[in-house]
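Colleague: 525 is the number of the first residue of the sequence shown in my numbering; add one for each residue after it. We treat Cβ as the ideally placed atom computed from N, Cα and C, and that holds for glycine.
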Amino acid sequence: MARFFKNINKGSIELDVFYGWDIDVNEWFIDVKMKGFNGGNLVQWFNSEEKYKKTLEKFLV
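Written out as structure tokens, the structure reads:
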């Protein structure tokens, strides 16, 4: 699984964002977790690389 990590600070909210291509599932994914909170990751799967990149841009800006 190609997996990348980025820590994002948006004001008072800090997010850990894992993203990439899952070779087992053959889909793109974005996994978001609020830093300092246990559990409750939000995972989104994408069939289309275009949709994946558009959604990822919203987090990484």
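Looking at the structure shown, is K575 part of a helix, part of a strand, or coil, going by DSSP?
Modeller: Working through the sequence shown from its first residue, we reach residue 575 at position 51. If DSSP states are grouped into helix, strand and coil, K575 belongs with the helices.
Colleague: Could you name the residues of the same chain whose beta carbon sits closer than 6 Å to that of E538, not counting the 5 residues immediately before and after it, in chain order?
Modeller: For this step, residue 538 is matched to residue 14 along the sequence shown. Cβ neighbours of E538 beyond the five flanking positions: K559.
Colleague: Go to V585, then tell me how far its beta strand (DSSP E) extends in each direction, as first and last residue.
Modeller: To locate residue 585, count along the sequence shown from 1; it is residue 61. Careful: V585 lies outside any beta strand (DSSP E) and carries neither H nor E.
Colleague: For the putative contact between I554 and T579, defined by C-beta atoms under 8 Å, what is the C-beta separation to the nearest angstrom?
Modeller: Mapped onto the sequence shown, residue 554 falls at position 30. Mapped onto the sequence shown, residue 579 falls at position 55. That belief holds up - the Cβ atoms of I554 and T579 are roughly 6 Å apart, short of 8 Å.
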